[in-house]
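Note that the numbering used here has the sequence shown beginning at 54, numbered continuously upward.
Don't be surprised by glycine CBs; every beta carbon is placed ideally from N, CA and C.
Right, one structure below, let's go through it.
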Amino acid sequence: MLGWLGLAWLTVLFGLVVLARRMARTRFFVERLDFQLRQWLEEVRRDQQRVHRLVEALFWDRLYRDERVPITPFMTLDEVLRVLPAARRVLAARNVQSRPATRGVETLLDVVLAHEWDLSDLMNELLQAAAAPPAGPETTETPVIPVIRPRSS
């Protein structure tokens, strides 16, 4: 009888050990899955932001084609500085410089994506800097520059 009782206890203990190991494996699997899901959601969020920036860039490109604005997000930094010399101040204030490795290649959209800025804010700043009167005698009239935003649907 004592032998049977000992065997029953051993079986229960062995079952508990097996159950604990399975729970640990399941917990590890769930934690790994949770980590992977969080990474995936972060990538999706970044991709959504990129798509949003691209849609904004297409909006600005369309305005450029309608000749309402002199620049487009698809222009390189060198082209922007050539068209709008006043843009140098805005870009310098945001610590954007044309690097030798990317000279003639990096576009405004690339800069916006790299720094996660709002494209419309940057474009409006550049346009306002271009429309600002040159430093000199004070003028009494300040030009009104409308802020242009894409329509959200």
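- Judged by their CB atoms, L116 and V122 are nearer to each other than the 8 angstroms cut-off.
- Closest in alpha carbon position to A139, among D100, F88 and L179, is L179.
- The beta carbon of T125 is closer than 7 angstroms to those of W113, D114 and Y117 in its chain, skipping five residues each way along the sequence.
- For R152, no alpha helix (DSSP H) segment is defined, and its DSSP state is neither H nor E.
- A distance below 8 angstroms separates the beta carbons of L162 and R106.
- Here T64 carries a helix assignment [DSSP, helix/strand/coil].
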